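Here is the structure we will look at.
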Amino acid sequence: MWLLSRQLCVHVVRQNKLLGTWNRPAAFMSTLLINQPQYAWLKELGLREENEGVYNGSWGGRGEVPAPKRGEVVRQIGDALREKIQVLGNLVSLEMGKILVEGVGEVQEYVDICDYAVGLSRMIGGPILPSERPGHALIEQWNPVGLVGIITAFNFPVAVYGWNNAIAMICGNVCLWKGAPTTSLISVAVTKIIAKVLEDNKLPGAICSMTCGGADIGTAMAKDERVSLLSFTGSTQVGKQVALMVQERFGRSLLELGGNNAIIAFDDADLSLVVPSALFASVGTAGQRCTTARRLFLHESIHDEVVNRLKKAYAQVRVGNPWDSNVLYGPLHTKQAVSMFLGAVEAAKKEGGTVVYGGKVMDRPGNYVEPTIVTGLAHDASIAHTETFAPILYVFKFTNEDEVFAWNNEVKQGLSSSIFTKDLGRIFRWLGPKGSDCGIVNVNIPTSGAEIGGAFGGEKHTGGGRESGSDAWKQYMRRSTCTINYSKDLPLAQGIKFQ
1 MWLLSRQLCV HVVRQNKLLG TWNRPAAFMS TLLINQPQYA WLKELGLREE NEGVYNGSWG
61 GRGEVPAPKR GEVVRQIGDA LREKIQVLGN LVSLEMGKIL VEGVGEVQEY VDICDYAVGL
121 SRMIGGPILP SERPGHALIE QWNPVGLVGI ITAFNFPVAV YGWNNAIAMI CGNVCLWKGA
181 PTTSLISVAV TKIIAKVLED NKLPGAICSM TCGGADIGTA MAKDERVSLL SFTGSTQVGK
241 QVALMVQERF GRSLLELGGN NAIIAFDDAD LSLVVPSALF ASVGTAGQRC TTARRLFLHE
301 SIHDEVVNRL KKAYAQVRVG NPWDSNVLYG PLHTKQAVSM FLGAVEAAKK EGGTVVYGGK
361 VMDRPGNYVE PTIVTGLAHD ASIAHTETFA PILYVFKFTN EDEVFAWNNE VKQGLSSSIF
421 TKDLGRIFRW LGPKGSDCGI VNVNIPTSGA EIGGAFGGEK HTGGGRESGS DAWKQYMRRS
481 TCTINYSKDL PLAQGIKFQ
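Position one of the sequence shown corresponds to residue 1 (UniProt numbering), numbered consecutively onward.
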């Protein structure tokens with residue numbers, strides 16, 4: 001069933017019956033992107049000059065919609081996204097700043113998780129367990145948690161919502177989404193696409209609600225007992241605050257926080273794989289992925305060669321307008337990110353690092369910085385243990401397996417990691433209890449670019465949450481262990497007799 005909260009107070013609807021119409025000055029209206037000819041395509045996403053949608057009413061009742069029927073609605077959402085994939089990808093590129101192919105790819109990721117969720121809607125459920133008592137059945141029953149709050153970050157403004165929304169919906173929940181304040185057009189556009197599908201199926205729009213705003217809205221969601229599960233994607237610092245607020249009311253939280261991800265290349269590594277993998281993982285999305293490679297450990301015998309190859313590869317990265325199909329590298333999201341980049345470069349120099357490539361702000365309009373390589377730092381340098389959301393790669397030498405596995409694990413975060421080797425024994429040691437302590441443990445591929453079929457998330461200060469595939473659906477449901485006596489006797493467990 002879909003459980004409808006009694007007072008879901010924020011939802012994008014087509015008519016605002018409470019606030020009335022605010023007549024904006026003509027000069028203001030002319031400055032809106034949607035009124036500029038080059039951005040007229042925004043109207044294809046249903047965006048308007050004023051996107052009314054604050055509704056302080058209430059929706060009541062319980063919807064008896066079976067899981068496979070919920071899956072059918074999610075299938076239609078995936079199809080609706082497919083129809084808008086190019087124009088929505090354009091908006092992701094415009095508002096976030098990532099290159100167009102990544103913007104379109106992010107929408108594709110939402111489509112993919114919808115496809116996955118459709119199949120999952122016919123599979124979710126618990127086992128039938130053997131009972132020690134004659135005439136008894138022992139089963140697990142899984143039910144929706146109710147209202148799922150979803151707070152997403154700027155760097156994946158579509159995909160992360162999709163991971164949560166598609167799975168939460170087939171589990172029978174309703175969703176309240178707060179996107180990043182800097183990507184609000186994307187949030188509105190996606191919600192309007194979903195709202196149309198819900199309307200076509202004669203379902204309440206409140207099933208997928210949204211709100212725009214900053215930390216005050218996020219705090220309200222974290223503290224509200226009506227939010228049964230709060231999924232938060234963002235920094236470790238803010239995530240810790242969110243977790244404490246949710247735990248204080250004994251709610252559930254699903255945390256996807258920071259990553260300080262490492263690639264390790266051994267002396268037997270295939271360098272034709274190492275170099276492009278390190279390049280993509282460190283430079284892709286201008287270093288603004290949570291799975292971005294920030295540390296590169298190279299065996300001492302290949303260190304210099306790999307660094308030289310990387311410098312040549314970095315020099316060939318095509319920088320420019322994210323909408324240009326030939327461009328591989330766009331701007332950082334904000335001016336603040338540029339300042340953080342510069343601060344990290346200076347900190348690395350002070351700790352003994354040498355900038356062998358990049359390290360500067362580019363002399364061009366926009367938030368462009370040079371992709372940067374730093375060598376010579378100690379493995380435990382403070383800056384190397386600090387996640388900087390920027391394209392800075394710290395490169396280290398190592399001599400043996402034991403020390404480099406320990407160096408991989410010594411940071412507080414535990415999201416993604418990867419080794420490059422042909423040694424089968426080493427591969428399985430890396431995957432085992434003495435290997436990587438991350439939630440994503442790769443071999444001969446980059447740290448970034450995860451598929452939707454596996455559970456996505458990390459350990460330690462990354463938060464421990466899991467989204468997307470595998471059994472991540474269980475976090476969106478509550479489990480009941482049910483014992484059914486279909487006999488005429490009343491035997492007790494453990495052989496206890498109470499007579």
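Ideal Cβ positions, reconstructed from N, Cα and C, are used throughout, including at glycine. Computed from a predicted structure; not experimentally measured.
Taking the beta strand (DSSP E) that residue i belongs to, which residues open and close that run?
i: N143; result: H136 to P144
i: T211; result: C208 to T211
i: F154; result: Careful: F154 lies outside any beta strand (DSSP E) and carries neither H nor E.
i: R252; result: R252 to E256
i: T398; result: As written in the sequence, residue 398 is Phe, which differs from the Thr given in the question. Element bounds for F398: I392 to F398.
i: I263; result: N261 to A265
i: Y357; result: T354 to Y357
i: F297; result: A293 to H299
i: L279; result: No beta strand (DSSP E) contains L279, which is instead part of the alpha helix (DSSP H) from L271 to V283.
Judging by CA-CA distance, which residue of the options is the nearest neighbour of residue i?
i: G454; options: E467, H461, V443 and T447; result: E467
i: M210; options: L91, A180 and Q36; result: A180
i: Y476; options: E44, P365 and G149; result: G149
i: N51; options: F398, A344 and L32; result: L32
i: K488; options: G103, Q499, P134 and Q36; result: P134
i: S187; options: P204, T219 and F154; result: F154
i: H299; options: W473, F420, E256 and T182; result: F420
i: T291; options: L42, A206, A450 and G495; result: A450
i: V443; options: F232, I263, V238 and K349; result: I263
i: R364; options: V319, K349 and A337; result: V319
i: E256; options: T236, G213 and R82; result: T236
i: S339; options: K360, I194, K474 and D402; result: K360
i: G78; options: G465, T152, T182 and V190; result: V190
i: residue 566; options: H303, D268 and T182; result: Residue coverage of the chain in this structure runs from 1 to 499, which leaves residue 566 outside it and unanswerable.
i: L45; options: V118, K196, L254 and K312; result: K196
Out of curiosity, what's the CA-to-CA distance linking residue i and residue j?
i: N261; j: N90; result: 29 Å
i: Y394; j: A381; result: 10 Å
i: F156; j: G234; result: 11 Å
i: A344; j: V92; result: 27 Å
i: R124; j: C171; result: As written in the sequence, residue 124 is Ile, which differs from the Arg given in the question. Near 8 Å, if we compare the C-alpha coordinates of C171 and I124.
i: A27; j: Q36; result: Because the pLDDT at A27 is just 42, under 50, the model does not fix this residue reliably, and the value given afterwards should be weighed accordingly. One C-alpha to the other measures close to 13 Å.
i: K398; j: F266; result: Before going on, a small fix: residue 398 reads as Phe here, not Lys. Distance between the alpha carbons of F398 and F266 is about 9 Å.
i: E102; j: I85; result: 12 Å
i: W430; j: F297; result: 14 Å
i: P491; j: P130; result: 15 Å
i: G495; j: E132; result: 9 Å
i: Q241; j: L176; result: 19 Å
i: H136; j: G463; result: 40 Å
i: R479; j: W473; result: 12 Å
i: A40; j: L88; result: 13 Å
i: G469; j: E248; result: 29 Å
i: L81; j: V238; result: 31 Å
i: L377; j: F396; result: 7 Å
i: M362; j: M169; result: 44 Å
i: G352; j: R289; result: 26 Å
i: V54; j: K422; result: Note that V54 scores a pLDDT of 46, beneath 50, so its modelled location is shaky and nothing firm can be said.
i: A67; j: S121; result: 5 Å
Under 7 Å, do residue i and residue j count as touching if we go by C-beta distance?
i: V158; j: V107; result: yes
i: L185; j: E95; result: yes
i: V275; j: R309; result: yes
i: A222; j: V246; result: yes
i: A293; j: T447; result: yes
i: A286; j: G330; result: yes
i: V283; j: V227; result: no
i: T354; j: T375; result: yes
i: G358; j: E370; result: yes
i: G251; j: I151; result: no
i: A348; j: I383; result: yes
i: G97; j: H385; result: no
With 7 Å as the threshold, decide whether the Cβ of residue i is near any Cβ in chain C.
i: A189; result: Note that chain C does not occur in the displayed structure, where there is just one protein chain.
Just to confirm the assignment, what range does the alpha helix (DSSP H) spanning residue i have?
i: T236; result: T236 to E248
i: A195; result: S184 to D200
i: N164; result: A159 to I170
i: S470; result: No alpha helix (DSSP H) contains S470, which DSSP labels as neither H nor E.
i: W177; result: Run containing W177: none in the alpha helix (DSSP H); it sits in the beta strand (DSSP E), V174 to K178.
i: I217; result: A215 to K223
i: C482; result: It is not in any alpha helix (DSSP H) - C482 instead sits in the beta strand (DSSP E) that spans M477 to N485.
i: V107; result: L100 to L120
Are at least three pairs of beta-carbons, each pair with one atom in the region 421-438 and one in the region 398-409, less than 8 Å apart?
yes
For the 8 Å Cβ check, are there 3 or more pairs between the region 316-327 and the region 127-147?
no
How about the region 409-428 and the region 447-461: do they share at least three Cβ pairs that are nearer than 8 Å?
yes
Tell me whether the region 111-119 and the region 162-176 touch, counting them as touching only if at least three CB pairs, one residue from each stretch, are closer than 8 Å.
yes
Taking 8 Å as the cut-off, does the region 68-83 touch the region 192-201 (at least 3 CB pairs, one atom from each stretch)?
yes
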